[in-house]
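Sequential numbering of the sequence shown, starting at 6, is according to our numbering.
For each residue, glycine too, the CB sits at the ideal point set by N, CA and C.
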Amino acid sequence: MAEILSLHDAIKQFVNDGDTVALEGFTHLIPTAAGHEIIRQGKKDLTLVRMTPDLIYDQLIGAGCARKLIFSWGGNPGVGSLHRLRDAVERQWPHALEIEEHSHADLANAYVAGASGLPFAVLRAYGGSDLPKVNPLIKTVTCPFTGEVLAAVPSVRPDITVIHAQKADRKGNVLLWGILGVQKEAALAAKRCIVTVEEIVDDLNAPMNACVLPTWALSAVCHVPGGAHPSYAHGYTERDNRFYQAWDPIARDRETFTAWINEYIHGCADFSEFQAKLAAASEAK
6 MAEILSLHDA
16 IKQFVNDGDT
26 VALEGFTHLI
36 PTAAGHEIIR
46 QGKKDLTLVR
56 MTPDLIYDQL
66 IGAGCARKLI
76 FSWGGNPGVG
86 SLHRLRDAVE
96 RQWPHALEIE
106 EHSHADLANA
116 YVAGASGLPF
126 AVLRAYGGSD
136 LPKVNPLIKT
146 VTCPFTGEVL
156 AAVPSVRPDI
166 TVIHAQKADR
176 KGNVLLWGIL
186 GVQKEAALAA
196 KRCIVTVEEI
206 VDDLNAPMNA
216 CVLPTWALSA
226 VCHVPGGAHP
236 SYAHGYTERD
246 NRFYQAWDPI
256 ARDRETFTAW
266 INEYIHGCAD
276 FSEFQAKLAA
286 ASEAK
């Protein structure tokens, strides 16, 4: 059953050096606060998994937490490249980063296979693609019933998945809605799962066919309002478009990036203090 813990305690207890870690979310509900706490606690040698790594993965990689990245697209949405990711791959700063690239369909199916307890995923894909040439884990299998040749990839089974959601009840059941990516599949595929939420309520009042993660599938629930910033939480917070734009010049320069990490992550006790410091800096401009 999921424990209701502080984010600090949940990361300390459930995220270990060397773990395979998935911080999933699609367009909204991106678990930024959890990523900051991983950096703050100095977790290292992580294999990071995410279909669409964006700013929080740029921060984790630049802070030296990552050894490997498994992904299907990476960038600052609507702005451009992830400069800390590029620096790690192209110039090995702060150290070398191994990358394993997949397609969206591939990685989504790999999460489904992991959640289903299967060793690999099968899909129609990669006809005419060069991606299998640079990722030897993309293989082919022949259907025993039709003879059709299909793509096969290993399932994704993280040691720990972290997601953000809108609500949890006091038993640790979680409700999320809006645009969903692979949060459910990533949670069910993992050995352990932490969910940060906007609020904890007595009753979820979940509508029919809602996406509810049961407490028995989770390790910890943490009350972190606004924990998806700068992405949005549907029904609670809006997307901070200016932050995405402002991140580009911060991430381009190593010294500027390091100073930002020191001030806004290491220099803050938790995510609420980060939010207050960021708001104060914005008002001062």
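Own chain, CB closer than 6 Å to residue i, minus 5 neighbours either side, in chain order
{"i": "cysteine 198", "result": "Thr166, Ala192, Leu223 and Ser224"}
{"i": "histidine 243", "result": "Here the sequence assigns glutamate to residue 243, which means histidine is not the residue at that position. So the list reads Tyr237, once near-sequence residues are dropped."}
{"i": "glutamate 203", "result": "Gln171, Pro230, Ala238 and Tyr241"}
{"i": "leucine 218", "result": "Val179 and Ala192"}
{"i": "tryptophan 265", "result": "Ile255"}
{"i": "proline 99", "result": "Gly69"}
{"i": "aspartate 164", "result": "Asp24, Thr25 and Lys196"}
{"i": "threonine 263", "result": "none"}
Cβ-based neighbour list, residue i, same chain, cut-off 8 Å, excluding 5 preceding and 5 following
{"i": "threonine 147", "result": "Glu153, Val154 and Leu155"}
{"i": "threonine 190", "result": "First, the residue type needs correcting, since residue 190 is glutamate and not threonine in the sequence shown. The answer, listed in chain order, is Ala113, Tyr116, Val117, Gly119 and Ala120."}
{"i": "leucine 142", "result": "Glu105, Val158 and Pro159"}
{"i": "glutamine 280", "result": "Gly231 and His234"}
Where residue i falls: helix, strand or coil (DSSP)
{"i": "phenylalanine 276", "result": "helix"}
{"i": "arginine 162", "result": "coil"}
{"i": "lysine 189", "result": "helix"}
{"i": "alanine 115", "result": "helix"}
{"i": "alanine 256", "result": "helix"}
{"i": "valine 139", "result": "helix"}
{"i": "lysine 144", "result": "strand"}
{"i": "leucine 53", "result": "strand"}
{"i": "aspartate 174", "result": "strand"}
{"i": "lysine 196", "result": "coil"}
{"i": "threonine 220", "result": "helix"}
{"i": "phenylalanine 31", "result": "strand"}
{"i": "arginine 244", "result": "coil"}
{"i": "threonine 1", "result": "Examination of residue 1 is not possible in this model, given that the chain is present from 6 through 290 alone."}
{"i": "isoleucine 184", "result": "coil"}
{"i": "tyrosine 131", "result": "coil"}
{"i": "valine 94", "result": "helix"}
{"i": "alanine 251", "result": "helix"}
{"i": "alanine 71", "result": "strand"}
Proximity test, residue i beta-carbon vs the ligand ADP heavy atom, cut-off 8 Å
{"i": "glycine 177", "result": "Ligands are entirely absent from the displayed structure, and the ligand ADP is therefore not among its contents."}
Contacts around residue i, its chain only, beta-carbon distance under 7 Å, and the 5 residues preceding and following it disregarded
{"i": "leucine 181", "result": "Leu34, Ala170, Gln171, Gln188 and Cys216"}
{"i": "lysine 48", "result": "Val20, Asp22 and Cys70"}
{"i": "glycine 40", "result": "Leu28, Ile61, Gln64 and Leu65"}
{"i": "arginine 257", "result": "His88"}
{"i": "methionine 6", "result": "Gly177, Thr220 and Trp221"}
{"i": "phenylalanine 125", "result": "Ala118, Ala157, Val158, Pro159 and Ser160"}
{"i": "proline 82", "result": "Asp59 and Tyr249"}
{"i": "valine 206", "result": "Lys172 and Asp174"}
{"i": "alanine 38", "result": "Leu12, Thr201, Val229, Gly232 and Phe276"}
Paired residues, beta bridge with residue i - DSSP
{"i": "asparagine 81", "result": "Gly85"}
{"i": "glutamate 106", "result": "Phe76"}
{"i": "glutamate 8", "result": "Ala225"}
{"i": "leucine 155", "result": "Val146"}
{"i": "isoleucine 337", "result": "Outside the modelled stretch of the chain, which goes from 6 to 290, sits residue 337, for which no answer is possible."}
{"i": "alanine 126", "result": "Val158"}
Residue i burial status per 10 Å Cβ neighbour count (16 or more: buried)
{"i": "glutamate 42", "result": "buried"}
{"i": "valine 139", "result": "exposed"}
{"i": "asparagine 267", "result": "exposed"}
{"i": "isoleucine 184", "result": "exposed"}
{"i": "glycine 232", "result": "buried"}
{"i": "glycine 122", "result": "exposed"}
{"i": "glycine 312", "result": "For residue 312 there is no data in the structure shown, the boundaries of the chain being 6 and 290."}
{"i": "proline 212", "result": "exposed"}
{"i": "phenylalanine 150", "result": "exposed"}
{"i": "threonine 261", "result": "exposed"}
| field | Given 8 Å, three or more beta-carbon pairs between the stretch 258–271 and the stretch 60–73 | value | Output reads yes: the stretch 60–73 touches the stretch 258–271.
| Is the stretch 46–53 in contact with the stretch 252–264, if contact means three or more CB pairs nearer than 8 Å? | Taking a cut-off of 8 Å for Cβ pairs, the stretch 46–53 and the stretch 252–264 do not touch, as fewer than three such pairs fall below it.
| request: Flag this pair as touching only if the stretch 69–85 and the stretch 93–109 have three or more C-beta atom pairs under 8 Å; answer yes or no. | output: With a cut-off of 8 Å, the stretch 93–109 and the stretch 69–85 count as touching, because enough Cβ pairs lie within range.
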